[in-house]
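Protein chains in written order, with the numbering used here: chain A, 1 to 120; chain B, 1001 to 1120; chain C, 2001 to 2120; chain D, 3001 to 3120. For every residue, glycine included, the Cβ atom is placed at its ideal position computed from N, Cα and C. Have a look at the structure below, then the notes.
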């Protein structure tokens, strides 16, 4: 099932509760910040090793899955409200990054990688 | 094209640059926070009215599309690294929310909606 | 009471619980993201008008005060761990911004303001 | 110099540029999210070891100081606009946490610590 079908489910969910009125771009961006914050809270005190194994603990795994779902749902809603095709936007950005960071020059280059991150 | 195909593109992009070593769960969560922060920066000084029309300005629209793509790409990478099926997780969360906020009781109820947000 | 005295209180609180081991820079940045996310959650569904009056509702006001305190406490801890003087850093940044945005040219200029935000 | 003096500097800076009109609670919360995102970006690809030594690299150290200053400045502005006394709020929250996590029971207990974080 594609992204637009998932957006249709979320849109119907909001409409049925008369919640679409709250789903303005600014509000959805704030909700997305909130959910990413909750996702960060699941990982913040874990060591790198504990974080790598977080899905082996059933309770933590369920919490992580739910937070990922919350982040995804607000991202889908926001793209829907802004009428942005997420898949197309992703492909376009990958094409930009292919040019910006040619594989042969960027290979294993953490500094270039960091510069990349600052530049996005 | 489905979510897993997009994840394959992103995974190949990282592998070709030897960047997969940086893509630990904690690092990806931080990168996701960073990109959501950049998305917030696109909207922070706009009024509600300006935010609703942001896609009518070509330069701002392009910036928003790129930030949405960046958020989506780190969410896809994180789910991939954690081996979480995003679509399945989203459907499971919607099912939970269907039970938690029955449409007939939640309708137009901002307070319930806020409580919902605190509870997630 | 100054900033360093507040940092001493928070440091002692962590030490007494043997929690200082968790307070690495990366972990504290994630905790800060988490708390800012919770703060965003308090405001996300409010209209501009409701947000401007949020402190008139005793329950919401208390929630906002606690979230502001949580954000402040992790910011203080992070600066302490990194040995950054927050007041000095703030004054230095204001000096940079005074040069970057001369008052006579920046006045009432939302575009310049937005550019300012993108540049920081 | 106390917190309110720093807030007075920031308030004057905004007034001189006619930018106070943009400093509504929702906008400032979004700006805070944006700056915390930029702070996260400074740390996201560093290992724990690299992050612990980040202040030894002059260029990175300066970037971190500026991001900390940006986060602090929006937190101060937000508290000012909401008329919240940050120091008082912090002390009140520490008092709550003293009761919630008695030192003798919370000592070295990461699980309790995580529960603490979820509960805040």
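Would you say residue i lies against chain B (beta-carbon separation less than 8 Å)?
i	result
residue 65(A)	yes
residue 107(A)	yes
residue 103(A)	yes
residue 123(A)	Here chain A has residues from 1 to 120 only, and residue 123(A) is not among them.
residue 89(A)	yes
At a Cβ threshold of 8 Å, is residue i touching chain C?
i	result
residue 1093(B)	no
residue 3070(D)	yes
In three-state terms, what does DSSP make of residue i?
i	result
residue 2034(C)	helix
residue 104(A)	helix
residue 1046(B)	coil
residue 3057(D)	coil
residue 1083(B)	coil
residue 2070(C)	helix
residue 3065(D)	helix
residue 3017(D)	coil
residue 99(A)	helix
Let me see if you follow: with CB-CB separation under 8 Å, is residue i close to chain D or not?
i	result
residue 1041(B)	yes
residue 1053(B)	no
residue 2100(C)	no
residue 2079(C)	yes
residue 2048(C)	yes
So residue i and residue j are in contact, right, with Cβ under 8 Å, and what is the actual spacing, rounded?
i	j	result
residue 1042(B)	residue 1064(B)	5 Å
residue 2036(C)	residue 3039(D)	Contact doesn't hold; Cβ gap of about 10 Å is too wide.
residue 3033(D)	residue 4(A)	Not really, about 28 Å apart at Cβ, beyond 8 Å.
residue 10(A)	residue 76(A)	6 Å
residue 1108(B)	residue 2(A)	About 31 Å; that fails the 8 Å criterion.
Shortest alpha-carbon distance to residue i belongs to which of the options?
i	options	result
residue 3048(D)	2014(C), 2021(C), 2090(C), 2091(C)	2021(C)
residue 1131(B)	56(A), 25(A), 107(A)	An answer regarding residue 1131(B) cannot be provided, because it is not within the stretch 1001 to 1120 covered by chain B.
residue 2045(C)	2093(C), 2031(C), 2060(C), 2033(C)	2060(C)
residue 3101(D)	2105(C), 2019(C), 2008(C), 2003(C)	2019(C)
residue 1006(B)	52(A), 62(A), 88(A), 98(A)	88(A)
residue 1074(B)	85(A), 3(A), 93(A), 50(A)	93(A)
residue 67(A)	1010(B), 1082(B), 1002(B)	1082(B)
residue 3106(D)	2105(C), 2014(C), 2004(C)	2014(C)
residue 2008(C)	2079(C), 2062(C), 2097(C)	2079(C)
residue 103(A)	1097(B), 1027(B), 1017(B), 1053(B)	1017(B)
residue 3122(D)	2084(C), 2012(C), 2097(C)	This structure cannot speak to residue 3122(D), because chain D is shown only from 3001 to 3120.
residue 1095(B)	97(A), 69(A), 90(A), 76(A)	69(A)
residue 3062(D)	2012(C), 2031(C), 2086(C), 2027(C)	2086(C)
residue 2051(C)	3027(D), 3098(D), 3012(D)	3027(D)
Residues of chain G with CB under 7 Å from residue i, in chain order?
i	result
residue 3083(D)	This model lacks chain G altogether; the protein chains it does include are A, B, C and D.
Answer with yes or no whether the minimum CB distance from residue i to chain A is below 8 Å.
i	result
residue 2044(C)	yes
residue 1120(B)	For residue 1120(B), the predicted model reports a pLDDT of 40, less than 50, meaning its position is unreliable; a value from the coordinates is still stated below. Yes, because at least one Cβ of chain A sits closer than 8 Å to the Cβ of residue 1120(B).
message: If the cut-off is 8 Å on Cβ atoms, which residues from the segment 11 to 38 of chain A count as contacting chain D, listed in chain order?
response: Under the 8 Å Cβ criterion, the segment 11 to 38 of chain A contributes 26, 29, 30, 33.
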